[in-house]
Amino acid sequence: MSNYLRPEFVCDCFERLSSRNQTGKTHLERTSVLMYFLSFDAACKHFTVSSLDLNPDTFNGKNFRKQIELEFTRLVLVANTPEGLKQVIELGKITGGEKNPEKRISSNFLTVPLKKASGQIESYFYPRRPAAPVLKMGPTATGMKWGISYHEDWMSNFLVLLAETKSSTAALDLAVFICRDCSFEETAGGLIPALSKQLYKRFTADMANFWVSRIEKEKLLARHINTPFVDNHSPFASCYKEKPAPAKCYDQMKKADLIKRILYLECKLNALEATVK
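Quick note on numbering: our numbering labels position 131 of the sequence shown as 131, and the sequence is numbered without any gaps.
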């Protein structure tokens, strides 16, 4: 009989991935980089390759791009309701009212940095901020104009991208979130072996080896992994409750961040009003 992750448990792990910093865009930017990188790695697993040529004018390039978009959607989309999409733009938060994930990654990642890298003479590394690249792009770095591959320091830099989260077991909590909808055929060994098996199914051997090794180091700190499984699947978004931003933080926010927050809350209010009409 198949088992699934208990939605309340997934919520707990997901919220632990929130940022310790209540202001600024750093956590949002790092979340995007993590999801782009995992989408790329999952696509490499799918095609059994270690780099991708995302040439928009070739058949293979279009297929590679489409697979990355599908993997990204699978990673960040948590619900598709009559009121609209619910997705993760920033780890620890569920957001509505945004453009769909395929358009997000296409316009924000496959268009801007990849296109810029295609015309660079020097090696192009991503991301440039923080100075912790996990990918390299472009002709000089990959030998392909539209190429994308792993940066040599991706393992250590992957951890940098998780450094701002509240969690002391960020690799484990991220794995729980990523595997939130998985069907676990064998759970007798406990959570970590079950998660490990799913990670090896979905990501490349190098990625899975690194991730599982990190989880093994974190397990001594994991005090929140009791009774993680249930018999029936339920979307974890159904038990997610948004925590309001502390009022004291608003006076520390930049004008652009305040405007974004207001627009987000207005969108939530409009969606709520639409459900009661």
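All C-beta atoms in this analysis are idealised placements derived from N, C-alpha and C, irrespective of residue type, glycine included.
Under 7 Å Cβ to Cβ from histidine 46, same chain only, skipping five residues before and after it: list those, please.
Gln67
So what does DSSP say about glutamine 120, is it helix, strand or coil?
coil
Please report the residue range of the alpha helix (DSSP H) in which methionine 137 lies.
Methionine 137 -> not in any alpha helix (DSSP H); beta strand (DSSP E) instead, spanning 135–137.
State yes or no: is the C-beta of phenylalanine 9 within less than 9 Å of the C-beta of valine 212?
no
Going by alpha carbons, who is nearest to glutamate 102 out of Glu90, Ala43, Val76, Ser123?
Answer by Cα proximity: Val76.
Suppose contacts are defined by Cβ-Cβ distances below 9 Å. Is isoleucine 89 in contact with glutamate 98 by that definition?
yes
Looking only at its own chain, which residues have a Cβ that is under 6 Å from the Cβ of glutamate 15, when we skip the five neighbours before and after it?
Gly92
Output the boundary residues of the alpha helix (DSSP H) element that contains serine 196.
191–202
Would leucine 258 be called buried (16 or more neighbouring beta carbons within 10 Å of its own) or exposed?
exposed
With H, G and I counted as helix, E and B as strand and the rest as coil, what does DSSP make of glutamate 90?
strand
Rounding to the nearest angstrom, what Cα-Cα distance links glutamate 216 and asparagine 209 in this structure?
11 Å
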